[in-house]
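Asks: In this note's numbering, the protein residues as written are 216 to 295.
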């Protein structure tokens with residue numbers, strides 16, 4: 216689980232394996248795992264490096280226009 220900001224110390228997440236996203240890359244915490252792939256926003260090298268250690272293929276997408284309006288990968292997804 217990726218955590219950033221106030222969620223880093225939140226007791227609700229202490230039972231999960233957590234990857235702490237640096238504050239300056241907090242937007243990168245909004246990513247999706249679909250089957251054996253991780254889809255993440257482009258432009259967050261520190262977070263990408265941490266995720267690469269998981270061994271999953273990573274797909275980076277340019278989300279810059281959506282980010283301007285506080286949109287993200289999960290906002291654009293139908294998850295079921």
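Backbone N, C-alpha and C fix where the C-beta goes; we use that ideal spot for every residue, glycine too.
1) Looking at the structure shown, is residue 256 part of a helix, part of a strand, or coil, going by DSSP?
2) Once DSSP output is grouped into helix, strand and coil, what is the label at residue 293?
3) Would residue 273 and residue 253 be called neighbours here (beta carbons separated by less than 7 Å)?
4) Tell me the DSSP bridge mates of residue 221?
5) Around the Cβ of residue 244, are there at least 16 other Cβ atoms within 10 angstroms (buried) or fewer (exposed)?
6) Could you pull the start and end residues of the beta strand (DSSP E) that residue 275 belongs to?
Replies: In brief:
1) Sequence index remark: in the chain shown, residue 256 carries index 41 (1-based). Secondary structure of residue 256 (DSSP, three-state): strand.
2) As a working mapping, residue 293 is identified with position 78 in the chain shown. In this structure, DSSP gives residue 293 a state outside helix and strand, which the three-state scheme calls coil.
3) Sequence index remark: in the chain shown, residue 273 carries index 58 (1-based). Sequence index remark: in the chain shown, residue 253 carries index 38 (1-based). Cβ atoms of residue 273 and residue 253: closer than 7 Å.
4) Mapped onto the chain shown, residue 221 falls at position 6. Beta-bridge pairing by DSSP links residue 221 to no other residue.
5) Taking the chain shown and counting its residues from 1, the one referred to as residue 244 is at position 29. The residue is buried, with at least 16 neighbouring Cβ atoms inside 10 Å.
6) Within the chain shown, numbered from 1, the residue matching residue 275 stands at position 60. First-last of the beta strand (DSSP E) with residue 275: 273-276.
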